[in-house]
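**Student:**
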Amino acid sequence: MTKLRVAHGMKDRELPNQYDCSKRIKTRTLRVSALSLATAVSALGLSQVACAELTWGEGESYQQEGSYSQNNGSQADSGASSFTAAAIAAERGDVSALYNYEQAMSGGLFAMYPTYWRMNLNLNSQSPAAISQFVRQYPDTVMAEKLVADFAETKAGSNDYASVRQVANLITNADASERCAVALGFNNGGDTMRAMAAKSDVWLTTLKQPALCEQLALEMNNNPLINDQDRASRLKRMLRKGKTGDIMALSSRLGTPIAYSALSEIQLNPSSFFSRFGREPASKTNQHLYLYAMGRVAEKSYREAALQLDFDIKQDNQRSVKLLNDETRRYAYRILGVQRMNHNTDDGFNAEAVDWFRNSLDEDFNFEEAEDYAMAAIRFSRWDDVVEAIAKMDVETQKGSQWQYWLARAYEQSSDANKRNTAKKMYQNLAKSNDYYGLMAKDKIGQRFDASRLGGNNLPNVSTADRARVMQDANFARAFALYNANVSRAYANREWNWAVKQARDNRDDNLIIAAARQAYEMGWLDRAIYAVDNTDRVDSLALSHPMPHQDAVVRYSQSAGIDPAWAYGIMRQESRFVSSARSNVGASGLMQVMPDTAKYIARNLGETYSASRANSGDTNIRYGTWYMGDIFGKLNSQPVLATAGYNAGPNNAKRWQPTYGSLAADQYVESIAFPETRNYVKHVMENATIYSSLLGRSQPISQRMGTVPAGF
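Number 530 in this note's numbering belongs to position 541 of the sequence shown; there are no gaps in the numbering.
1) Is it right to say THR317 is buried, meaning 16 or more other beta carbons lie within 10 angstroms of its own, or is it exposed?
2) Can you tell me whether LEU652 is helix, strand or coil according to DSSP?
3) Using DSSP's beta-bridge definition, name the partner residues of THR696.
4) Alpha carbon to alpha carbon, what distance is there between LYS273 and ARG526?
5) Once DSSP output is grouped into helix, strand and coil, what is the label at ARG571?
6) Where DSSP assigns a beta bridge to SER577, which residues make up the other side?
7) Thinking C-alpha only, which one of LYS303, GLU358, LEU313 is nearest GLU269?
8) Excluding the 5 residues flanking ASN211 on each side, which residues of the same chain have their C-beta closer than 8 Å to its C-beta?
9) So ILE502 and SER529 are in contact, right, with Cβ under 8 Å, and what is the actual spacing, rounded?
10) Which runs of the alpha helix (DSSP H) spanning at least 4 residues fall entirely within the region 177 to 202, listed in chain order?
11) Give the DSSP-derived three-state secondary structure of GLY146 in the structure shown.
12) The alpha helix (DSSP H) spanning PHE346 covers which residue range?
13) Indicate the three-state DSSP secondary structure (helix, strand or coil) for TYR291 in the structure shown.
14) Check whether the Cβ atoms of ARG506 and LEU448 lie closer than 8 Å to each other.
15) Quick check on PHE300: buried or exposed, where buried means 16 or more other Cβ atoms within 10 Å of its Cβ?
16) When the Cα of ALA282 is compared with those of LYS230, ILE302, GLY244, which residue comes out closest?
17) Does the structure place the region 616 to 632 close enough to the region 535 to 551 that three or more beta carbon pairs sit under 8 Å?
18) Within 8 Å, do at least three Cβ pairs link the region 151 to 159 to the region 191 to 200?
19) Here's the rule: buried if 16 or more other CB atoms are within 10 angstroms of the residue's CB, otherwise exposed. What is SER651?
20) Pick helix, strand or coil for PRO689, following the three-state DSSP scheme.
21) Whose C-beta lies closer than 7 Å to the C-beta of ALA172 among residues of the same chain, with five residues either side of it excluded?
22) Only counting the same chain, and skipping five residues up and downstream in sequence, which positions put a Cβ closer than 6 Å to that of ASP607?
23) Considering THR411, what are the terminal residues of the alpha helix (DSSP H) in which it resides?
24) Within this structure, are the beta carbons of ARG319 and SER349 separated by less than 8 Å?
25) Report yes if the C-beta distance between ASN523 and TRP487 is below 8 Å; otherwise report no.
26) Whether or not the region 162 to 176 and the region 206 to 226 are in contact is what I'm after, with contact meaning three or more pairs of Cβ atoms, one per stretch, closer than 8 Å; do they touch?
27) Would you mind reading off the limits of the alpha helix (DSSP H) that contains GLY613?
28) Is the CB-CB distance between ILE610 and LEU630 below 8 Å?
29) Could you tell me the alpha carbon to alpha carbon distance between TYR322 and ASP383, rounded to whole angstroms?
30) Please name the residue in LEU443, ASP439, ASN418, ALA440 whose C-alpha comes closest to that of LYS433.
31) With DSSP collapsed to three states, give me the class of ARG268.
32) Quick one: using the 10 Å Cβ neighbour count with 16 as the cut-off for buried, is THR678 buried or exposed?
33) So, at 6 Å on beta carbons, what are the nonlocal neighbours of MET617 in its own chain, with the 5 sequence-adjacent residues on each side left out?
34) Does the contact criterion of 3 or more C-beta pairs under 8 Å hold for the region 639 to 654 versus the region 406 to 420?
35) For a test of the three-state rule: what should DSSP assign to THR666, helix, strand or coil?
36) With burial defined as no fewer than 16 other Cβ atoms inside 10 Å of the residue's Cβ, what is the status of GLU134: buried or exposed?
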């Protein structure tokens, strides 16, 4: 049985202090208090620390391997006090004090922190040699990874590419911006082949990217491994987006330079350009300007742009010499298709988007365009177009579970028996997994999800030796100590995530299980979930899908007339069971209830609103489940609609309903216009299906999701 793979939703990324805190969280998020880390360690308990207790502080030796024994309380407390004091010094930018703390904390478990804080205060002034020395001194630590990656970004941002190249090989876990920083270093240092490794990420994308990725895409125009076909493909996207600098640079390299004045004139008055276009010569430059003008009108009104294109094509077809070549016509339709998909929430869905994409088929697609085409085709059951759209994606993307599922769905509708047989085989392969698409595939072939095969509610057994190894591992030891200290959760989460990565890279599943169980026993549920979700071979539903506050969840769910499994599905996605969770938009508590929503709930329950009470565990569960029941009733008692409404608001969920007739729930979900909500609904439905089995009320995901009725 392939393990559960439950991806984190967008709200997880909006709450870095509670969830997936990457190495990029900056120093100034740290909170400090009088609670020492020594006290934090004692809170772990002897049964958890076992024979490998933590050590840090003056005169103690730091080891990446081996045990961490606490020699005496006062010595350890001195080290912990130094940690919090060093954090305060970093906060006020006191370099002299940080130098002193480096000496005092030398050899301790947290020895790297004052050095990191000092160097990070003025990262641009650091030398590659100093950064490399830090990495050698603290190998395989998350702070070494963070320092070198931030250094590369900083130096790339100041065009010091030689420094970037000197540290590039020390970066092992780069995010998008850091990958672009490294690629910029190589692109400007003659190593054009290594720079090209980032091409697929940046070259054709039209989505918002980190600044360094935008810069890389612009600079790659001069990479000798970029050919004119590459440039022409990117130029079309930049004409659609209206990115003047890229348009001018690309067109110049292609030998058809476009002047800024020409672009500026069209930007100010695209209608004037269309009026005179028929009198202009049939030049390559004018083909480009036509697409640029079409993009500007489509940004304002895709309907107006569609009328303009239809008019121009009819006029052009009457000419003996065509002014619009086939390529320009096709990509003009592509512009219409993309813009139409951007307005589904406001204007409703329409099959014209599918037609416009189909009219552009002979032009290459980037991923966003292919995804838009596929989503439009899925929405309107245009199965041949679904196949076409998926074929336009790169091979690795096509192999993913999402597009394998939809390719199987398309083949399933075919009159060709061979394709239907292929669909069945694809479902069988997908059903080996227990993610959203795997659960959907199970239903297609008559399999049932069985929680007992993944341990059910039973916690995994952990040996005494493995339990001890957790605290012998420096990364996990730091994570647990920081969790128990009253400092920003960002530091503990970052250390934990790194520890999981290191154990995963070492294929040490037993260490991950032992650490996750220890986190679970301490109530650190979000990191236990993270550990299991981010491994390939560890299966434990008790750890990945815990059920805290079960009495309250079941009681309040029943009172609200909703399924407790659905309530748990929402809660797991919203907060990962962190009761103190706060989003950047103000949602709070286990159910992430917005303040205005909490006031609405309190009013309807005849209660006086209190922010502190609304955020507390029991009240937050009661409010959240009541609100789930409220929107469930208002949205046709349809759980998929209600889930979308919980995330994006009931009005948006209604707007995405079909205008006429019903729609299979999986088609509704896949065509949700907001990517965050689309992924959120998938994860909640997946969670709820799993929780229903754990609660002894198993319900297949397809039955749970049902059919989405017309909105009118």
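Backbone N, C-alpha and C define an ideal beta-carbon position, used for all residues, glycine too.
This structure is a prediction, so every number in the text was calculated from the model and none was measured.
**Tutor:** Inspection of the coordinates gives the following:
1) THR317 should be labelled buried.
2) It is a strand residue.
3) Beta-bridge pairing links THR696 to ALA653.
4) Approximately 55 Å, taken between the alpha carbons.
5) DSSP places ARG571 within a strand segment (E or B) once states are collapsed to three.
6) Answer is ARG571, VAL582, bridged to SER577.
7) The closest CA to that of GLU269, considering only LYS303, GLU358, LEU313, is found on LEU313.
8) So the qualifying residues of the chain are ARG242.
9) Taking C-beta atoms under 8 Å as the contact rule, ILE502 and SER529 qualify, at a distance of about 7 Å.
10) Taken in chain order, the complete alpha helix (DSSP H) segments of 4 residues or longer contained in the region 177 to 202 are 181 to 184, 188 to 191.
11) The answer is helix: DSSP assigns GLY146 an H, G or I state.
12) That run of the alpha helix (DSSP H) goes 341 to 347.
13) The answer is helix: DSSP assigns TYR291 an H, G or I state.
14) The answer is yes: Cβ separation under 8 Å.
15) Exposed is the call here.
16) Considering only alpha carbons, the answer is LYS230.
17) The answer is yes - the region 616 to 632 touches the region 535 to 551, with three or more Cβ pairs under 8 Å.
18) Between the region 191 to 200 and the region 151 to 159, the count of Cβ pairs shorter than 8 Å is below three; the stretches do not touch.
19) When all chains shown are included, SER651 counts as exposed.
20) DSSP, reduced to helix, strand and coil, places PRO689 outside both helices and strands of the structure shown, so it counts as coil.
21) Result list for ALA172: ALA184, ALA186, ALA187, LEU205, in chain order.
22) Taking C-beta separations shorter than 6 Å and ignoring five residues to either side along the sequence, the partners of ASP607 in its chain run ALA541, following chain order.
23) Here the alpha helix (DSSP H) through THR411 covers 406 to 419.
24) A contact, by the Cβ cut-off of 8 Å.
25) Going by C-beta atoms, ASN523 is not nearer than 8 Å to TRP487.
26) The answer is yes - the region 162 to 176 touches the region 206 to 226, with three or more Cβ pairs under 8 Å.
27) Where GLY613 is concerned, the enclosing alpha helix (DSSP H) stretches over 606 to 623.
28) No, these two residues do not count as a Cβ contact at 8 Å.
29) Each residue's alpha carbon lies about 22 Å from the other.
30) Nearest of LEU443, ASP439, ASN418, ALA440 to LYS433, Cα basis: ASN418.
31) Coil, per DSSP.
32) Looking at its Cβ environment, which holds 16 or more other Cβ atoms inside 10 Å, THR678 is buried.
33) Apart from sequence neighbours up to five positions away, the residues of its chain that approach MET617 with a beta-carbon distance below 6 Å are ILE551, ordered along the chain.
34) Result no; under three Cβ-Cβ pairs closer than 8 Å.
35) Three-state result, THR666: helix.
36) Flag for GLU134 reads buried.
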